[in-house]
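Take a look at the structure below.
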Amino acid sequence: DYVFMAWSTPTGLRRAATVFVYAALTFAIAVGPAAAVTPIDWPDLKDPAASQYEDPFEALYLSELRSLAAVYRIRNGLKSGGLTLEERAKLERRLKDEEAKLAAAGIQTDQLLAQRDEVAKRRAEARLQGNSDLAGKDVAITGYVIPVLDETGAAKYGYLVSGYGMCSHVPAPAPNQIIFYRLEEDWAEAELYKPVLLQGRLDLSVSRQTINLLDGDVTITASFDMDVTDIRALEPQKREVEDRGFRSFTR
3 DYVFMAWSTP
13 TGLRRAATVF
23 VYAALTFAIA
33 VGPAAAVTPI
43 DWPDLKDPAA
53 SQYEDPFEAL
63 YLSELRSLAA
73 VYRIRNGLKS
83 GGLTLEERAK
93 LERRLKDEEA
103 KLAAAGIQTD
113 QLLAQRDEVA
123 KRRAEARLQG
133 NSDLAGKDVA
143 ITGYVIPVLD
153 ETGAAKYGYL
163 VSGYGMCSHV
173 PAPAPNQIIF
183 YRLEEDWAEA
193 ELYKPVLLQG
203 RLDLSVSRQT
213 INLLDGDVTI
223 TASFDMDVTD
233 IRALEPQKRE
243 VEDRGFRSFT
253 R
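Taking this note's numbering, the leading residue of the sequence shown gets 3, the next gets one more, and so forth.
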């Protein structure tokens, strides 16, 4: 079993933006012949090729997406058996109304629904695939840590994310926006969502783990891992945090 560290507040965790100046990052990295380190930002982790695809659903308003989803569900419901005549008539009226809304907005319902599975597949690939150009490179990146304590209580690995509160009160980002990191030694200053600069060798390796974090069990999938050679705490962004209490969570 692992122990997870977290901070709590009476008003809940607030997401803080990651605003670290690129020049400051470059300055923080040791220079010299033995330090060929590339500063990167979170968008750099995405696979450019996997991100290039046409998504016709992006142009739709939320109300139109809801109508489209309703049409999909109702059509499938009408195909299933066991409906009474009254239930079927009710669904058919609802279907007609939703289809009319979409038609009035100029939306080709059948054409969009025919692309649904392919677009979903491309979206999943765009979220999972990492930039292979970064594989095996020594990089430096800033973010917020989710440290994991092993059975001895040592904080020798964990996850790096781009935003404060991600994976707890804020949904987990795409796998290619999460880095699973490993340290050579215990990190005595480990704190949940501590802003840091990580430096080390980055590799493409998908990993998945379920942890208990603030709101309950959370499954974290990471497309990258990093063997960290240097970890530096950064000054946290300003936020209103009153009466913070330290808590531990176990799995």
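Where a beta carbon is used, it is the ideal one built from N, C-alpha and C, also for glycine.
Contact test: residue i Cβ vs the ligand FAD heavy atom, cutoff 6 Å
| i | result |
| --- | --- |
| residue 162 | This structure lacks the ligand FAD, and indeed carries no ligand of any kind. |
Residue i: first and last residue of the uninterrupted beta strand (DSSP E) it sits in
| i | result |
| --- | --- |
| residue 222 | 219-235 |
| residue 181 | 181-184 |
| residue 163 | 159-163 |
C-alpha distance - residue i paired with residue j, whole-angstrom precision
| i | j | result |
| --- | --- | --- |
| residue 111 | residue 200 | 47 Å |
| residue 214 | residue 185 | 21 Å |
| residue 60 | residue 114 | 11 Å |
| residue 89 | residue 69 | 19 Å |
| residue 187 | residue 100 | 59 Å |
| residue 204 | residue 173 | 24 Å |
| residue 182 | residue 198 | 14 Å |
| residue 285 | residue 94 | The requested residue 285 does not occur in the structure, where the chain is confined to residues 3 to 253. |
| residue 258 | residue 196 | Past the boundaries of the shown model lies residue 258; the chain is included only from 3 to 253, so the question cannot be answered. |
| residue 2 | residue 98 | Any property of residue 2 remains undetermined from this structure, which presents the chain solely from 3 to 253. |
Residues sharing a beta bridge with residue i, DSSP
| i | result |
| --- | --- |
| residue 145 | 198 |
| residue 79 | None, per the DSSP bridge assignment. |
| residue 205 | 227 |
| residue 92 | In DSSP, residue 92 forms no bridge with anything. |
| residue 140 | 203 |
| residue 1 | In the structure as shown, the chain begins at 3 and stops at 253. Residue 1 is therefore absent and cannot be evaluated. |
Burial state of residue i (16 or more Cβ within 10 Å)
| i | result |
| --- | --- |
| residue 2 | This structure cannot settle anything about residue 2, because the visible part of the chain is limited to 3 through 253. |
| residue 160 | buried |
| residue 55 | exposed |
| residue 149 | buried |
| residue 227 | buried |
| residue 24 | Low confidence applies here, because residue 24 scores a pLDDT of 42, under 50, leaving its location unreliable and the question unanswered by this model. |
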